[in-house]
Amino acid sequence: MRIYADLHLHSRYAFNTSPALTVAALAAAAARVGLGLIGSGDALHPAWRAELRRDLEPAGEGVYRLAGGAGPLVAATVELSTVYRRDGRVRRVHHLVHLPGLEAADTLAAALERHANLAGDGRPIFKLDSRELFARVLDAVPEAFLVPAHVWTPWYGVLGANSGFETLEDCYGDLAAEIFAVETGLSADAAMMRRVSSLDRCRLLSGSDAHGLATLGREATVFDLPEPGFAALRRALATGQGYLGTVESFPEHGKYHWDGHRACGVRVDPEREPEAPCPVCGRPLTVGVARRVAALADRSAAEGAARVGHEARHVLPLAELLADLGHKGAGIARARAAALDALGPELPLLLDRPLDAIAAHDPGLAAAVERMRGGRVTAEPGYDGVVGRVSAG
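If you read the sequence shown in this note's numbering, its first letter stands for residue 8, the second for the next number, and so on.
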């Protein structure tokens with residue numbers, strides 16, 4: 008079964024997230040997007056875990072579905088943050104942990120509760136070295152697997168400009184051998200990832216890191232799993248059996264694609280300008296993903312693109328396409344609802360639906376989708392926390 012999966016998202020119990028993020032609301036939004044599998048997010052938070060148990064029912068080995076059998080499958084996931092000192096500098100790294108069910112989440116919570124306030128934030132913060140945290144995860148739940156999150160982002164990506172690490176081995180030591188997938192993040196894509204040969208052994212995972220319903224499914228991973236479950240998901244990422252590829256935002260859309268300084272409105276193209284302080288205030292610029300990838304790359308951009316070896320498609324949210332076509336305010340939501348009612352869920356509509364079927368509903372939308380699929384877009388890249396602007400209009 009071919010499915011789109013978004014395995015990186017949050018509940019309303021994580022910091023800076025929408026109060027609308029309930030189990031039922033996530034399931035309904037995921038169905039409208041066309042996701043067949045989502046992560047639970049925040050599986051170590053006791054209140055959220057209780058809600059997951061209340062609102063979900065088992066639907067296979069280690070996966071769940073909304074009680075009554077509706078909506079996408081749900082896998083137990085959590086993002087963990089580590090902040091610690093190593094070799095005289097502070098390290099900040101985020102990690103996605105995938106668990107073989109809610110019972111395993113109970114076990115892991117019991118093992119880690121003395122190291123972080125699990126009830127205080129759905130993405131708990133640990134003052135543990137990344138390798139030590141990973142070791143504790145595996146000791147508690149040997150079947151679990153860890154995926155370094157949004158690996159290139161400057162503040163919390165394992166390979167980001169401020170991490171102090173240049174390889175997975177630098178961060179995770181001997182346990183790097185247990186890592187078989189990494190998350191691309193919103194400011195990078197598959198072609199950029201494949202410029203770095205040390206990541207060749209890793210499958211690529213794309214997820215939305217959604218903090219609200221509107222961003223669910225803005226990135227996804229594509230699988231062909233005959234019997235979806237935790238073991239099949241793990242096998243797909245570890246071996247490639249059942250792994251089809253990624254659906255990515257255009258990397259310019261990400262809020263850390265280029266260097267920049269938000270306070271001064273300065274955005275710097277790393278291909279044209281050397282790394283330098285902010286020309287306005289003289290403070291260091293936030294080094295973006297594009298420059299960081301180039302710094303660690305041992306392949307050209309063309310070689311990276313040639314080595315992707317799986318589906319790697321780019322997508323713009325339907326709401327943004329409709330805004331480019333002139334819809335405004337509440338009219339965007341109405342037009343989106345009408346398109347989904349007529350043409351089906353969002354990701355299949357944008358990526359798979361025949362253009363003539365879209366044109367029968369809205370010729371302008373069909374033209375925008377055709378441009379998007381062909382990569383014929385204009386972009387103002389994001390920088391230093393400012394979301395980029397990408398248009399197929």
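Even for Gly, the Cβ is constructed at its ideal location relative to N, Cα and C.
These figures come from a predicted structure and were not determined experimentally.
For residue i, decide whether its Cβ has a neighbour in chain B, counting only Cβ atoms nearer than 9 Å.
i: G180; result: Looking at the structure shown, chain B is missing, and only one protein chain is on hand.
Do residue j and residue i have their beta-carbon atoms positioned less than 9 Å apart in this structure?
i: L7; j: L14; result: This structure leaves residue 7 out entirely; the chain is present only between 8 and 400.
i: A47; j: H102; result: In the sequence under discussion, the amino acid at residue 47 is Ser, which differs from the Ala named in the question. The answer is no: Cβ separation not under 9 Å.
i: V70; j: P161; result: no
i: F230; j: I10; result: yes
i: L16; j: L115; result: no
i: F133; j: A142; result: no
i: R343; j: L329; result: yes
i: P149; j: H264; result: no
i: F237; j: E68; result: yes
i: R274; j: G171; result: no
i: A112; j: R56; result: yes
i: L206; j: H105; result: no
i: Y390; j: D196; result: no
i: R99; j: T89; result: yes
i: H321; j: G252; result: no
i: G192; j: H157; result: yes
i: F187; j: L232; result: no
i: V254; j: E318; result: yes
i: G311; j: A198; result: yes
i: P53; j: L135; result: no
i: R360; j: G371; result: no
i: R39; j: L323; result: no
i: V189; j: V154; result: yes
i: A373; j: L362; result: yes
i: Y250; j: R208; result: no
i: S194; j: V85; result: no
Do you know how far the Cα of residue j is from the Cα of residue i?
i: T385; j: R314; result: 25 Å
i: E282; j: C288; result: 15 Å
i: S215; j: F257; result: 13 Å
i: D177; j: F152; result: 19 Å
i: D146; j: L119; result: 11 Å
i: L325; j: Y20; result: 27 Å
i: P284; j: A270; result: 13 Å
i: G108; j: T24; result: 24 Å
i: L42; j: A36; result: 9 Å
i: A227; j: P286; result: 37 Å
i: R416; j: A375; result: Because residue 416 is not part of the residues shown, which for the chain are 8 to 400, the question remains open.
i: P277; j: P131; result: 34 Å
i: F22; j: A367; result: 43 Å
i: L73; j: D62; result: 6 Å
i: V394; j: H260; result: 6 Å
i: A27; j: R380; result: 31 Å
i: R225; j: A364; result: 23 Å
i: L332; j: G400; result: 6 Å
i: I339; j: R378; result: 20 Å
i: D181; j: A337; result: 52 Å
i: V165; j: E280; result: 25 Å
i: D49; j: P235; result: 21 Å
i: T174; j: E64; result: 40 Å
i: Y179; j: R298; result: 23 Å
i: H268; j: T222; result: 25 Å
i: G129; j: A66; result: 24 Å
i: P291; j: A309; result: 30 Å
i: D369; j: A12; result: 27 Å
i: R396; j: L140; result: 37 Å
i: A301; j: S398; result: 25 Å
For residue i, list the residues DSSP reports as bridge partners.
i: T293; result: G267
i: I45; result: D13, V81
i: I365; result: BP columns for I365 are empty, so no partner.
i: E176; result: In the DSSP output, where bridge partners are listed per residue, E176 has none listed.
i: P65; result: Y71
i: V97; result: R92
i: A250; result: According to the sequence shown, residue 250 is Tyr rather than Ala. For Y250, which the question treats as bridged, DSSP gives the partners F230.
i: L153; result: V104
i: F133; result: T89
i: E255; result: H321
i: V273; result: H268
i: S398; result: T385
i: L217; result: Inspection of the sequence shows that residue 217 is occupied by Ala rather than by Leu. The partner list for A217 (beta bridge, DSSP) reads L16.
i: L211; result: V189
Quiz prompt | Segment contact flag, the region 199-212 with the region 303-313, C-beta cutoff 8 Å, min 3 pairs | solution = yes
Self-check item: Touching by the beta-carbon criterion (3+ pairs, under 8 Å), the region 70-79 and the region 27-35
Solution: yes
Quiz item: Taking the runs of the beta strand (DSSP E) that are 3 residues or longer, which of them lie wholly in the region 275-346?
Solution: 318-322
Practice problem: May I have a chain-ordered list of the beta strand (DSSP E) segments no shorter than 3 residues that lie completely inside the region 348-396? | Solution: 385-387
Exercise. Just list the beta strand (DSSP E) runs in the region 175-209, keeping only unbroken ones of 3 residues or longer that don't cross its boundaries, in chain order.
Key: 188-190
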